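Remarks on the structure that follows.
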Amino acid sequence: MEKLKQIYEGKAKKLYETESTDLLIQEFKDDATAFDAAKRGTITNKGIINNKLSEKIFTLLQKKGIPTHFIKRMNDRDMLVKRVKIVPIEVTMRNIVAGGMAKLLGLNEGIVLKQPVLEWHYKEDALHDPLINDDHVRALGIATEKELETIKKYSYRANSLMKKFFDSKNLILVDFKLEFGRYKGKIILADEISPDTCRLWDKTTKEKLDKDRFRRDMGNVEGAYEEVLRRVMN
Ligand code: TMP
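In this text, residue positions in the sequence shown follow my numbering: the first is -3, and each later residue adds one.
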């Protein structure tokens, strides 16, 4: 499979058509943005690391019955994926209070939640991906009742599996974001799963090993991504 026409360039990835109409090549860039691209930068080798980490997590989830767009990693920065129509919802799953939830409810980061919290955010950067609920999704026809149920089921299952997996690597899965797409009438997991889209803290020291280091100018961003890769591949 080769890259033909580029059809999309987002903040962290590019998408290319291939000779197969059902398949795309997803290329991971080193570009990083935060706060809806108000802050921009690069994280050296982030694309290579996120490609490998996404491969690892998608493979794990797929084995456990969550369908994903991932087919195979082709090289350092490219993966072959199924061509989906993205459902314009960002699904956030939280196990520990941090980031947006701390801000929304005036809570301290680090509070362990009594149960996972699933949030829908309407995917629209210009509006800062506003928080919406099930009724918004159904009333606006963003997804059907059945799709909503499927997305919920896969998201909770992904949370359990990823929490357990990262725990075995001495990492706490604080929260993460998922995106789903429609492929041949079915809902499948798409986008990426990486330290750009997950908050990961060292289990012992609680050190942040994710994109918050970039968002908050904490330094050693590259080192954190490399450390996550090292642990995950171990
Ligand atoms: P939040 O606390 O800022 O809402 O972020 C929750 C999780 O979602 C966190 O792990 C980072 C991830 N995330 C994205 O992947 N993309 C985004 O645009 C934002 C705001 C968060």
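Cβ coordinates follow ideal geometry from the N, Cα and C atoms, glycine included.
Small disclaimer: the values here were computed from a predicted structure and weren't measured.
Item: Anticipated Cβ contact below 8 Å, THR88 with LYS173, distance rounded; Value: 5 Å
Item: Cβ distance (whole Å) where SER50 is taken to contact MET75 below 8 Å; Value: 7 Å
Item: Check whether VAL108 and GLU175 have beta carbons under 9 Å apart; Value: no
Item: Alpha-carbon spacing of ASN155 relative to LYS149, whole angstroms; Value: 10 Å
Item: Whether ARG195 touches ASP213 by CB criterion (9 Å); Value: no
Item: At least three beta-carbon pairs within less than 8 Å, the region 111 to 119 to the region 55 to 63; Value: no
Item: Closer than 8 Å: LYS142 CB and nearest the ligand TMP heavy atom; Value: no
Item: GLU145 Cβ short of 8 Å to the ligand TMP heavy atom set; Value: no
Item: Residues near LEU20 by beta carbon distance below 7 Å, same chain, minus five either side; Value: LEU11, TYR12, GLU13, THR14, VAL77 and ARG79
Item: Simplified DSSP state of ASP213, which is helix, strand or coil; Value: coil
Item: Three CB pairs or more closer than 8 Å across the region 186 to 201 and the region 118 to 138; Value: no
Item: Candidates TRP197, ASN230 and MET229, of which the one nearest ALA220 by Cα; Value: TRP197
Item: Segments assigned alpha helix (DSSP H), at least 4 residues, entirely inside the region 119 to 182; Value: 130 to 135 and 141 to 163
Item: ASP208, DSSP secondary structure in three states; Value: helix
Item: Those residues which DSSP pairs with GLU23 across a bridge; Value: LYS10 and ASP74
Item: Minimum length 3: unbroken beta strand (DSSP E) runs contained in the region 48 to 122; Value: 66 to 69, 74 to 78, 85 to 92 and 108 to 118
Item: Of the listed residues ALA139, ASP208, LEU0 and GLU222, nearest to GLU105 (C-alpha basis); Value: ASP208
Item: Reference TYR152; option with closest CA among ASP171, LYS35 and THR17; Value: ASP171
Item: ASP125 CB to nearest heavy atom of the ligand TMP below 8 Å; Value: yes
Item: Where the beta strand (DSSP E) containing ILE3 begins and where it ends; Value: 2 to 5
Item: Buried or exposed (CB count within 10 angstroms, at least 16 for buried), ASN166; Value: exposed
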